[in-house]
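Heads up: the sequence shown at position 5 corresponds to -13 in my numbering, and the numbers run straight through without jumps.
See structure below.
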Amino acid sequence: MRVRTGTPNDFPGIRDVANRSLAASYDDVLDADARQRVVESWYGTEQSAPSVLREEMADGRTVVLVAESDRGIAGFAQAFLSEGVGCIEWIHVRPNRRDEGVGDDLRARIEEALAERGADRIEARVIEANDEGRAFYEERGYERETTRQIRIGEERVSELTLVADAESAAVADEQAESVEVGEERSVEIATDEPEHGTKGPFHPTYFDASREERLGWHCGACDSLDVNMGTMGEIVCDDCGNQRRPRRWDAAYGG
């Protein structure tokens, strides 16, 4: 087994791994059509490669690693860097190759790649009910930081943010800003919780610094709060067209 940098030529194998991994982990939550839409929104189809992801891989904004053997791609990891925060978006392993250490190798290598690009904090997001995914990170030194509600299809579930260092709470305090909205109201922009957009990061907004009540989204590409979310978790900025594709749903599905 070797881990190497992914290329656009790997997209067919990556699509196959993601589909099989999602089916194994979330067959009771996501039907085949929903899985297909999500995977194709990220990695294209046999007829059409994703041009945005290709560009992001070329200029280093997004890191994609694949683990392969003589039998083909066994797993892959994807992450991006935003304002010093490295965000692990996907770690998927073929169901029949789990428990072979593939996921752990990918995690270690993607962390190393993010650190080399200047990340001083690395985070992963896992659905709280995914005991396997949560344990995958906690057993490797990640600590729970925040919990928020997200939508998967028609369901709302709790998502955990786990971070790779014990001082993350202090870093989070430094990486939030408050902006005025109207004459008597301000919102808290959580710049330490970035979501990958096609033109720049999106940041969740809250009513105040306690982050107990979610308000909406901030577009880091144009500094707009005029942002909407669709039923599959996609985010669109009405001002500049920045988009987040439908949710990846978890940063780990077993190693």
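In this text, a Cβ means the ideal position worked out from N, Cα and C, and glycines have one as well.
Fair warning: this is a prediction, and the values are worked out from it, not measured in the lab.
*Please specify which runs of the alpha helix (DSSP H), each continuous and at least 4 residues long, are wholly inside the stretch -1 to 37, giving them in chain order.*
Within the stretch -1 to 37, the complete alpha helix (DSSP H) runs of at least 4 residues are 14 to 25.
_Taking 8 Å as the threshold (C-beta atoms), are P176 and V67 in contact?_
The answer is yes: Cβ separation under 8 Å.
*Within this structure, are the beta carbons of E50 and R2 separated by less than 8 Å?*
Not a contact, by the Cβ cut-off of 8 Å.
*Going by DSSP, name the residue or residues bridged to E141.*
Checking the DSSP bridge columns, you'll see E141 partnered with I109, R130.
*asked:* Please state the DSSP three-state secondary structure of S150.
replied: Unreliable positioning characterises S150 in this predicted model, as indicated by a pLDDT of 41, which lies under 50. The coordinate reading is nonetheless provided below. It is helical.
*Identify the residues that DSSP records as bridge partners of L47: which are they?*
Its beta-bridge partners are T(-13), A59.
*Skipping 5 residues on each side, what residues in its chain have a beta carbon closer than 6 Å to that of R130?*
Excluding sequence neighbours, R130 sits near E141.
*Beta carbon of V209, beta carbon of G202: below 8 Å?*
The Cβ atoms of V209 and G202 do not sit closer than 8 Å to each other.
_Taking DSSP's pairing of strands, which residues face I92 in a bridge?_
In the DSSP output, where bridge partners are listed per residue, I92 has none listed.
*Mind checking A59: buried by the 16 CB within 10 Å criterion, or exposed?*
By the 10 Å Cβ count, A59 comes out buried.
_Please report the distance separating the alpha-carbon of R99 from that of V139._
Cα-Cα distance, rounded: 32 Å.
*May I have the straight-line CA-CA distance separating R76 from P(-6), to the nearest angstrom?*
Rounded to whole angstroms, R76 and P(-6) show a C-alpha spacing of 14 Å.
*When you compare each of R91, E114, E127 to D81 by their alpha carbons, which one comes out closest?*
Restricting attention to R91, E114, E127, the CA atom closest to the CA of D81 is found in E114.
*I think H185 touches R226, with their Cβ atoms under 8 Å apart; what is that distance to the nearest whole Å?*
With 8 Å as the limit, H185 and R226 do not qualify as a contact, their Cβ atoms being about 11 Å apart.
*What did DSSP end up calling Y188 once you bin it into helix, strand or coil?*
In the structure shown, Y188 sits in a strand (DSSP, three-state: E or B).
*Could you pull the start and end residues of the beta strand (DSSP E) that R196 belongs to?*
Taken as a continuous stretch (DSSP letters only), the beta strand (DSSP E) holding R196 covers 196 to 201.
*Report the rounded CA-to-CA distance for C204 versus T143, giving the unit in angstroms.*
If you draw a straight line from the Cα of C204 to the Cα of T143, it is about 25 Å long.
_Enclosing beta strand (DSSP E) for H74 [first to last residue]_ = Annotation for H74: the continuous beta strand (DSSP E) segment containing it runs 67 to 75.
*Straight-line CA distance for D41 to E94?*
Rounded to the nearest angstrom, the two C-alpha atoms are 18 Å apart.
_beta strand (DSSP E) segment containing S206, residue limits_ = That residue, S206, is in no beta strand (DSSP E); it is neither H nor E in DSSP.
*asked:* Let me check one thing: in DSSP terms, what residues is R226 bridge-paired to?
replied: Under the DSSP definition of a beta bridge, R226 partners with I217.
_Quick check on this structure: which residue in E170, D(-2), R103 has the alpha carbon closest to the alpha carbon of G123?_
Closest by alpha carbon: R103.
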